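All remarks here apply to the structure that follows.
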Amino acid sequence: MKRREFLGLVGGGIAWPAVGRAQQQTVPLIGFLSSRSPEDSKPHLAGFLRGLEAFGYIDGKTARIEYRWAYGQYDQLRKLAAELAALNPTVIAAAGGAPSARAAKSVTPSIPITFVAGDSVSEGVVASLNQPGGNITGVDLMSGELTGKRLGLLSQLLPVGGVIGFLTNTKGVQSSLRAEDFRLAAAGIGRDPLIVGASTETEIADVFSSLTQKRVAGLVVENDPFFDSQRERLIQLTAQHSIPAIYHIREFPVGGGLMSYGANLADAYNQMGVQVGRILKGASITDLPVIRPTRFELALNLTTAKKLGLTIPPTVLAIVDELID
Numbered sequence: 001m002k003r004r005e006f007l008g009l010v011g012g013g014i015a016w017p018a019v020g021r022a023q024q025q026t027v028p029l030i031g032f033l034s035s036r037s038p039e040d041s042k043p044h045l046a047g048f049l050r051g052l053e054a055f056g057y058i059d060g061k062t063a064r065i066e067y068r069w070a071y072g073q074y075d076q077l078r079k080l081a082a083e084l085a086a087l088n089p090t091v092i093a094a095a096g097g098a099p100s101a102r103a104a105k106s107v108t109p110s111i112p113i114t115f116v117a118g119d120s121v122s123e124g125v126v127a128s129l130n131q132p133g134g135n136i137t138g139v140d141l142m143s144g145e146l147t148g149k150r151l152g153l154l155s156q157l158l159p160v161g162g163v164i165g166f167l168t169n170t171k172g173v174q175s176s177l178r179a180e181d182f183r184l185a186a187a188g189i190g191r192d193p194l195i196v197g198a199s200t201e202t203e204i205a206d207v208f209s210s211l212t213q214k215r216v217a218g219l220v221v222e223n224d225p226f227f228d229s230q231r232e233r234l235i236q237l238t239a240q241h242s243i244p245a246i247y248h249i250r251e252f253p254v255g256g257g258l259m260s261y262g263a264n265l266a267d268a269y270n271q272m273g274v275q276v277g278r279i280l281k282g283a284s285i286t287d288l289p290v291i292r293p294t295r296f297e298l299a300l301n302l303t304t305a306k307k308l309g310l311t312i313p314p315t316v317l318a319i320v321d322e323l324i325d
């Protein structure tokens, strides 16, 4: 081997690790903070990853995602958000509602944050949808507007009159807002509202004893990550006490609950993934308005309806997106 060729190989050998390090350094780090659990979030996380992949970012290959899960414990969110901020990610995705978004916002004024939240303006996450301000934007699920819609849909399956309950997470910042939304909606259709609250498993059991004593005709469950983490328990208790209930995501009727109405969460998380992808491609967070879902879905479990002795009116059957039997 000629001396020139040998030196070229040696030089190339020295340069290769440096190139490898440079490539590793260019892989963006994404922080993912959720108030929920990974088990509850599987279909929604898949939507988020699809949104990223549309921009060429694949976890473990062209990007790296660092996850933190609060398992419904809101008081852990700020600590988890601080852990992510300390890693200096390119962007933080705050999933599972306004509590995650607020926690992320409280620990960094500079790292871009995207979120999926119920009512981002009324819950104090952003100043407005068109101009969210600061270092944050995301997807707004319109929870306040949909509370009344859920009440109206459930009422069509129930006898005229009678009390309908609203189950809220008393530790949630949005609790009083959603309760007021429910009261107004109930007044609009001539229903007597009963607001009940729970933030622990024990309190949930106590609530259902109270609902039975009050002889409620039905129950609307608040869109809240804590109740998502208690899905099986809620389905069991509504069946045990024969209370027709409506929820916000299809996982409830799929698991045996009566019905659900809300934004397609997989699609909403996909939209958040798209926002993250745009930021990673160089978009400024200040140029990205908060967006709203494009797909809403009504799911109904026919088997559960039969067990509860309910007749589904044609007006509801005509708009059902998914019948589960």
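Numbers 1 to 325, taken from my numbering, label the letters of the sequence shown in order.
Don't be surprised by glycine CBs; every beta carbon is placed ideally from N, CA and C.
These numbers were taken from a predicted model, which means no experiment stands behind them.
Would L167 and V221 be called neighbours here (beta carbons separated by less than 8 angstroms)? yes
Who are L32's beta bridge partners in DSSP? Here the sequence assigns Phe to residue 32, which means Leu is not the residue at that position. Paired residues: Y67, A93.
Thinking C-beta only, is T114 closer than 8 angstroms to Q230? Going by C-beta atoms, Q230 is not nearer than 8 angstroms to T114.
Pull up the distance between the alpha-carbon of D206 and that of L237, whole angstroms please. 11 angstroms
Drop a sphere of 10 angstroms on the beta-carbon of Q174, count the other beta-carbons inside from all chains shown, and report buried for 16 or more, exposed for fewer. buried
A86, DSSP secondary structure in three states: Note: A86 maps to helix in three-state DSSP.
Put L177 into one of helix, strand or coil per three-state DSSP. helix
Could you give the C-beta distance for A245 and G257, rounded to a whole number, given that I count them as a contact under 8 angstroms? 6 angstroms
Which runs of the beta strand (DSSP E) fall wholly inside the segment 149-200 and span at least 3 residues, in chain order? 163-168, 192-197
By the three-class DSSP mapping on this structure, what secondary structure does A239 have? helix
Which residue wins for smallest C-alpha separation from A33, given the options K61, G72, G51? Sequence check: residue 33 is Leu here, not Ala. When each option's Cα is compared against that of L33, the closest is G72.
Closer than 7 angstroms by C-beta to K149: which residues in its own chain qualify, once you throw out the five before and the five after it? Chain order, please. Y261
N-terminal and C-terminal residue of the alpha helix (DSSP H) that N388 is part of: The structure shown does not extend to residue 388, since the chain is modelled only from 1 to 325, so the question has no answer here.
Look at P253 and L300 and say whether their C-beta atoms are less than 8 angstroms apart. yes
So for V126, helix, strand or coil by DSSP? Note: V126 maps to coil in three-state DSSP.
When the Cα atoms are used, what is the spatial distance from I249 to P89? 30 angstroms
For T114, three-class secondary structure by DSSP: strand
Rounded to a whole number of angstroms, what is the C-alpha to C-alpha distance between K326 and A198? Given a span of 1 to 325 for the chain in the structure shown, any question on residue 326 remains unanswerable.
I30 and V126 - do their beta-carbons sit closer together than 8 angstroms? no
C-alpha gap between A103 and S35, whole angstroms: Looking at the two C-alpha atoms, the distance is approximately 10 angstroms.
What does the Cβ neighbour count give for Q156, buried or exposed, with the cut at 16 atoms within 10 Å? exposed
Look at the Cβ atom of L52, then the Cβ atom of R68, and state whether they are nearer than 8 angstroms. no
Look at the alpha carbon of G190 and the alpha carbon of L146, and state the distance between them as a whole number of angstroms. For G190 and L146, the distance between alpha carbons rounds to 18 angstroms.
Alpha carbon to alpha carbon, how far is V107 from A86? Give it in angstroms, no decimals. 9 angstroms
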